[in-house]
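Take a look at the structure below.
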Amino acid sequence: MSSPVEVTLDTLKQHPLPPIASGDKDDRGSILIIAGSREVAGAALLTAMSAMRAGAGRLQIVTVESAAACLSISMPEAMVTGLAEGRDGGFAPSTVKALAERAEAADVVVAGPGMRGNKSTEALAAALVRRDKPLVLDAALLRALPARRDEVNASGCPTILLPHAGEMASLLGCEEEEVEADPAAAGRRCATCYDSITLVKGVASHIVTPDDRVFRYKGGGPGLGISGSGDTLAGIVGGLLARGADPLTALLWGVWCHGEAGRRLGEKVGLLGYLAREIPDEVPGILRDGGMLQLTP
């Protein structure tokens, strides 16, 4: 069993991001964000802002019908589509086919932030893992995976899972306290069980690969424990994937950027009291200062 490798700039230099191409938006990849519900429409916005700040080129958002108009105005950089919603304010089951078709056309998909778990989520999870392109799953989509475990394992889709302790407990069918007692062990079980790179969020976050590589990140600070923070992390990781980073590289850099944004905001605003919407604006400068944003010669 391997010991955790601490995520530092030295670690990240062993996993460099792709150089920046000097071409147009198509050279930095297309990302589709499937997110939001009637009550949590802003999750899609936080995820989308973070993806663009991390360098994605083309952005599409698919959300529930009641949230689409506001999102289109708030995020003019995106093509926003609203689909039918159920009585609970989440995606209606009839939307799964349309969501899957949109996903097929995108280079990267981030799905789950702010979504309501309902009859559509299991079918959507199964449809998304059939792709062979990078996929980031969060929130409601994670809780749908246990019923679709065989399909996840049979998939060639490079998948990243972003559970907190409660979602990890749901993925493993155990108590949350068990995850909190040994997050690295929980991450190993999950990465193996779902053949996916797994992040176990916490005061110290653990990144685990299916081949038993374990990384640990201890930075960030208490201010990151706020509503919407996880949505920004999902967007950062998705944006780095869209730029062409491999899944492990995107997750390592995403976790570090997210934590470093918390550190910087803690210095500027205070250890507590900054908002998740402030996190994305820190990302370009963090990537620049990390020394990994060179132009292609």
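Its first residue numbered 1, the sequence shown is counted upward by one per residue in this note's numbering.
Glycine is no exception: its CB is placed at the ideal position from the N, C-alpha and C atoms.
Take PRO18, set aside five residues on each side of it, and the residues of its chain with a beta-carbon closer than 8 Å to its own are ARG243, GLY244 and ALA245, in chain order. The residues GLY262, GLY266, LEU271, LEU272 and TYR274, in chain order, have a CB closer than 6 Å to that of GLY223 in the same chain once the five nearest residues on each side in sequence are set aside.
The residue among ALA276, SER170 and ARG130 with its C-alpha nearest the C-alpha of LYS97 is ARG130.
Note on ALA250: 16 or more other CB atoms within 10 angstroms of its CB, so buried under the neighbour-count rule. Per the DSSP secondary-structure output, GLY82 pairs in a beta bridge with THR63. Contact between LEU71 and ALA44 holds, since their C-beta atoms are separated by about 6 Å, short of 8 Å. TYR194 carries a helical assignment under DSSP once its states are collapsed to helix, strand and coil.
Here the alpha carbons of PRO146 and ALA186 stand approximately 15 Å from one another. For a cut-off of 8 Å, the C-beta gap from VAL64 to GLY89 is around 7 Å, short enough to register as a contact. Non-local C-beta neighbours of ALA78 in its own chain, meaning closer than 7 Å and more than five positions away in sequence, comprise ALA48, LEU59, GLN60 and ILE61, ordered along the chain. Selection LEU248, ARG277 and GLY259 evaluated against HIS15 yields LEU248 as nearest (Cα-Cα). A Cβ-Cβ distance of about 6 Å is found for the pair LEU32 and ALA103, placing them in contact under the 8 Å criterion. For SER30, the secondary structure class from DSSP, reduced to helix, strand or coil, is strand. When the alpha-carbon of GLY220 is set against those of VAL214, GLY230, ASP212 and ASP211, the nearest one is in GLY230. Judged by DSSP secondary structure, THR47 falls within the alpha helix (DSSP H) whose first and last residues are 42-53.
Taken in chain order, the unbroken stretches of alpha helix (DSSP H) that lie wholly in the segment 157-233 and span 4 residues or more are 165-172, 176-181 and 183-194.
Cβ contact annotation for ALA126 (same chain, cutoff 6 Å, sequence separation greater than five): ARG148 and GLU151, in chain order. Where ALA111 is concerned, the enclosing beta strand (DSSP E) starts and stops at 108-111.
In the displayed model, ARG87 falls within coil according to three-state DSSP, outside both helix and strand. GLY254 and GLU85 have their C-alpha atoms roughly 31 Å apart. Under the DSSP definition of a beta bridge, LEU135 partners with VAL109 and THR159.
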